[in-house]
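K.L.:
Have a look at this one before I ask anything.
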Ligand SMILES: C[S@@+](CC[C@H](N)C(=O)[O-])C[C@H]1O[C@@H](n2cnc3c(N)ncnc32)[C@H](O)[C@@H]1O
């Protein structure tokens, strides 16, 4: 019964998507579904696959999952995705000579990729690009695969061993995470990256890629913080004096968010400041209207009285004990009834967490961080003297699972 219902639902959706899809573009057709429908359909499709697979198939698929990741990373190293038009069929021998690999090896890698939906087989040892493989010709998508390889993806295999070594307690020591355990270092990931310029570049590119993919929903999120006319608290939210600080992006990475926002809202004249560690700030290209500043968020915030102190994908990197420190250092700079702390991170549902969100949570565990439920956010923020004023759910958009949490000083 459940199977029939799921099949009907998926058939009608596939039909509707095909109608939307005259010129095929995965993102535009999926976006046309709307966020809620999209999430519901994905959950239904997963239930259908699990219902169709016998448990042994599902279990074996999970147990061999890392093979797909490894095949994809090998193919990226070999540049299999490049120099290949959408219409072309390519044979394994042709691809092997293009990439300087042995044909038999290439065949095994390609059939693995085809089995997980990357490339389409057009006959024995013959392949064509499909939507997924075509996406991997784009550096943004490649970076998502490669960017965290050494820091999170490869360390994940040792998670059970590490958890056993600490008696299966939830990792909450920022100085003794899986990362420390696997890399046999006393440095946290960000300190370690400072000593590994190549890895730092990969990590920064990974962050920039994620930001690029979410650019439109992020711009909408930030723009909504500065409504054109409405006052916030006792001071008008729109700074008309150039010296007032409109927004401090704390742990800004390459500062792309503020740069885009400055372009999007030329009506706003206050200062925008991107803060990060010195080695990251050194890699930011200068940009009109966005200042850069070296600041360690474990030290007190030097910019006082800004309208917004913005944290995107920062607090999920850290356990509560470190988050309390970061927040307390920021709170000391807030102007009561005016300044707001704005956090963009996931707010996990209490039940039915999607695989991507759950995997992100365990990825954060590798550094000692975590994705949080609303209850966990409230405990964290209220515990340092903040009140949550609003939580807005994810905006429409393929990768946007983040919520926007606004908090201000509790009065
Ligand atoms: C996951 S990235 C998020 C970057 C950016 N907010 C974004 O949304 O793309 C975490 C950032 O925190 C920065 N960071 C880590 N430790 C820091 C510290 N102690 N003080 C300031 N920034 C730090 C890292 O350099 C990195 O840019």
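Numbering (the UniProt record's numbering), first residue to last: 1 to 411.
Ideal Cβ placement from N, Cα and C applies to all residues, glycine included.
Here the structure is a predicted model, which means the values were calculated and not measured.
#1: What number of angstroms, rounded off, separates the C-alpha of residue 338 from the C-alpha of residue 326?
#2: If we count the other Cβ atoms within 10 Å of its Cβ and call it buried at 16 or more, is residue 285 buried or exposed?
#3: Alpha carbons only, please: which of 283, 155 and 104 is nearest the one belonging to residue 365?
#4: If we count the other Cβ atoms within 10 Å of its Cβ and call it buried at 16 or more, is residue 188 buried or exposed?
#5: Can you grab the Cα-Cα spacing for the pair residue 296 / residue 182, in whole Å?
#6: With three or more C-beta pairs closer than 8 Å as the rule, is the region 57-69 touching the region 86-98?
#7: Go ahead and pull the three-state DSSP assignment for residue 150.
#8: Near residue 121, which residues of its chain fall below 7 Å by C-beta distance, leaving aside the five closest residues on each side in sequence?
#9: Rank 105, 314, 407 and 125 by C-alpha distance to the C-alpha of residue 342 and give the top, closest one.
#10: Ignore the nearest five residues each way along the sequence and tell me which others in residue 328's own chain have a CB closer than 6 Å to its CB.
#11: Can you give the Cα-Cα distance for residue 193 and residue 133, rounded to whole angstroms?
#12: Within the same chain, show all residues whose beta-carbon is closer than 6 Å to that of residue 293, passing over the 5 residues directly before and after it, in chain order.
#13: Is the closest heavy atom of ligand 1 to the C-beta of residue 208 under 8 Å?
#14: If contact is defined by three or more beta carbon pairs under 8 Å, each pair taking one atom from either stretch, is the region 194-207 in contact with the region 142-152?
#15: With DSSP as the reference, please indicate the residues paired to residue 121 in a beta bridge.
#16: Counting along the chain, where does the beta strand (DSSP E) carrying residue 74 start and finish?
#17: With a floor of 4 residues, list each alpha helix (DSSP H) that falls wholly inside the UniProt domain "O-methyltransferase C-terminal" (237-386), ordered by position along the chain.
#18: Taking DSSP as the reference, what is the three-state secondary structure of residue 185?
#19: Among 216, 142 and 315, which has the Cα closest to the Cα of residue 78?
#20: With DSSP as the reference, identify every bridge partner of residue 164, one or two as the case may be.
#21: What is the rounded straight-line gap between the Cα of residue 4 and the Cα of residue 49?
#22: Rounded to whole angstroms, what's the CA-CA distance from residue 309 to residue 184? Just pull it up for me.
#23: Can you name, in chain order, every residue of its own chain whose Cβ lies under 7 Å from the Cβ of residue 304, other than the five neighbours on each side?
#24: Tell me, to the nearest whole angstrom, how far the beta carbon of residue 277 is from that of residue 323; I am working on the premise that it is less than 8 Å.
#25: Could you name the residues that DSSP lists as bridge partners for residue 409?
#26: Looking at the secondary structure, which residues open and close the alpha helix (DSSP H) in which residue 197 lies?
#27: Suppose you measure from the CA of residue 298 to the CA of residue 287; what does that come to, to the nearest Å?
#28: Under 7 Å Cβ to Cβ from residue 262, same chain only, skipping five residues before and after it: list those, please.
#29: Starting from the C-beta of residue 369, find all residues in its chain whose C-beta is less than 6 Å away, skip the five residues before and the five after it, and write them out in chain order.
#30: Can you give me the Cβ contacts of residue 412 inside the same chain, cut-off strictly under 7 Å, excluding the 5 residues immediately before and after it?
#31: Per the DSSP calculation, residue 404 is bridged to which residue(s)?
P.N.:
Let me lay it out:
#1: About 20 Å.
#2: exposed
#3: Ranked by how close their Cα comes to the Cα of residue 365, the residues 283, 155 and 104 have 155 in first place.
#4: buried
#5: 25 Å
#6: Taking a cut-off of 8 Å for Cβ pairs, the region 86-98 and the region 57-69 do not touch, as fewer than three such pairs fall below it.
#7: Here residue 150 sits in helix by DSSP.
#8: 114 and 127
#9: 407
#10: 384
#11: Each residue's Cα considered, the two are about 30 Å apart.
#12: 273 and 275
#13: yes
#14: yes
#15: 127
#16: Here residue 74 belongs to no beta strand (DSSP E); instead the alpha helix (DSSP H) covers 65-77.
#17: 256-264, 278-281, 320-331, 355-365 and 374-383
#18: coil
#19: 142
#20: As computed with DSSP, residue 164 is found in no beta bridge at all.
#21: 13 Å
#22: 35 Å
#23: Same-chain partners within the cutoff: 333.
#24: So it is not a contact: roughly 17 Å between Cβ atoms.
#25: By DSSP's assignment, residue 409 forms a beta bridge with 386.
#26: 197-213
#27: As the crow flies, the alpha-carbon of residue 298 is around 26 Å from that of residue 287.
#28: 272, 289 and 290
#29: Cβ within range, chain order: 316, 317 and 318.
#30: The first residue shown for the chain is 1 and the last is 411, placing residue 412 beyond what the model contains.
#31: 344 and 392
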